[in-house]
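Scroll down for the structure; my scribbles are underneath it.
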Amino acid sequence: MIRVASLVGISATTSLLSAHAAPKPNSEMKAVLDQLQSKGGKPIESLTAAEARNQPTPTDAVKSLLEAKKKDVNPEPVAEVRDIQIDGAAGKISARLYKPEGKGALPVVVYFHGGGFVIATNDVYDATPRALANLTHSIFLSVEYRKAPESKFPAAHEDAFAAYQWVLKNAASFGGDPMKVAVAGESAGANLALNTAIKARDMKVQLPVHELLVYPVASSDMNSKSYEENSNAKPLNRPMMSWFVKNYLNNPGEAKDPRIDLVHANLKGLAPATVITAEIDPLRSDGKELSEKLKAAGVKVHYEDYKGVTHEFFGMAAVLKEAKKAQTVAADDLKKSFIK
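Residue numbering for the sequence shown follows my numbering, starting at 1 and increasing by one per position.
Laid out in structure tokens, this is it:
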């Protein structure tokens, strides 16, 4: 298996076999993709990071679709939502607190958004913590970690662990239970979530009670089955992933680092995990292999792959039935971890 080279120097050529094998989106997912295409975004791999951050997002596409259907475009209500400053690894960073109604100390989920360690913000990934805070009756803290290329590897990873430590120390101050803290993330954020749990184990810090990992970045192999099938998929494809990695890593050798290549990390001694993947996603094989490696390490894992949907589907419950299903699964697993 070619690892480092496959991660940072992918050929643009796609085999006819993989092109024919590309799975198709269901009608709801296609409607979102059509809206995204209509916004005329440019290929991210042709842009600078600053330019890429101003491109249309899947979140924009969902809003446009809701508008076209004359449906409510306002965010799902949560009792309290506010932006705060917390301790990162190299100074203060922003975070967004989502607190549902309720009395007494509530469980806390430290959440890391996606964006390939380069793009996106808490605004772009606002839907997931809103939905899950309500479904789990827990507080979500969405972390605005440092991004590349301004802050290279391992800056985001260091901020993620610093945020987790901050929550352990400060949960009571915002109504959280410091003994019931989980981690969650999407895409690059799922990588950060699992890395946080691993570092907590290694540093002998209190472990998260659960890891929710939604289409995690977990392998340096860009020649996997799902990469071949979805090499030109939207909204995530192989050229984009190569661009993300080139922006985040300091050098190609870092692709072998187990914090990036999680399927080769020491995964023993972790709390139960939920791994969710999408069929039309180059990262599907990452998540599947990671779930298998977690199980082999003795970790209890709930793995589900959702058909007919793409990367970024999880936060689209306003327009996708599969997203509602996936959020319910994730919420149920988190709630189980909070009552143990």
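Even for Gly, the Cβ is constructed at its ideal location relative to N, Cα and C.
Boundaries of the alpha helix (DSSP H) around E67: P58 to A68.
Assignment of R82 by DSSP, reduced to helix, strand and coil, places it in the strand class. Taking the Cα of R259 as reference, the smallest distance to any Cα among L66, G269, A160 and S173 is reached at A160.
For K92, DSSP records a beta bridge to D87. Within its own chain, the residues whose Cβ lies closer than 8 Å to the Cβ of A172, once the five positions on either side in sequence are excluded, are A105 and P178, listed in chain order. DSSP places H302 within a strand segment (E or B) once states are collapsed to three. Membership of E292 in the alpha helix (DSSP H) is indicated by the continuous run R284 to A296. Straight across, the Cα-Cα distance linking E211 with K71 is about 33 Å. The DSSP assignment places 211 to 214 as complete runs of the beta strand (DSSP E) inside the stretch 183 to 238, in order along the chain (cut-off: 3 residues). Sequence-distant partners of S285 (beyond 5 residues in either direction) whose C-beta falls short of 6 Å from its own C-beta, in its chain, are S224, K225 and S226. Looking only at G269, K199, S46 and V62, the smallest Cα-Cα distance to D34 is reached by V62. For the set D281, I86, F313 and P235, the Cα lying nearest the Cα of L168 is the one of I86. In the three-state reduction of the DSSP assignment, V73 falls in the coil class, being assigned neither a helical nor a strand state. With a contact defined as Cβ atoms closer than 8 Å, V118 and F244 qualify at about 5 Å.
The C-alpha of H137 is placed about 19 Å away from the C-alpha of D83.
Our two residues, L270 and V110, have alpha carbons roughly 16 Å apart in a direct line. Comparing alpha carbon positions, the residue from I276, N266 and G287 closest to A297 is N266. Between L97 and Q206, the alpha-carbon positions lie close to 21 Å from each other. T121: not part of any alpha helix (DSSP H); DSSP gives it neither H nor E.
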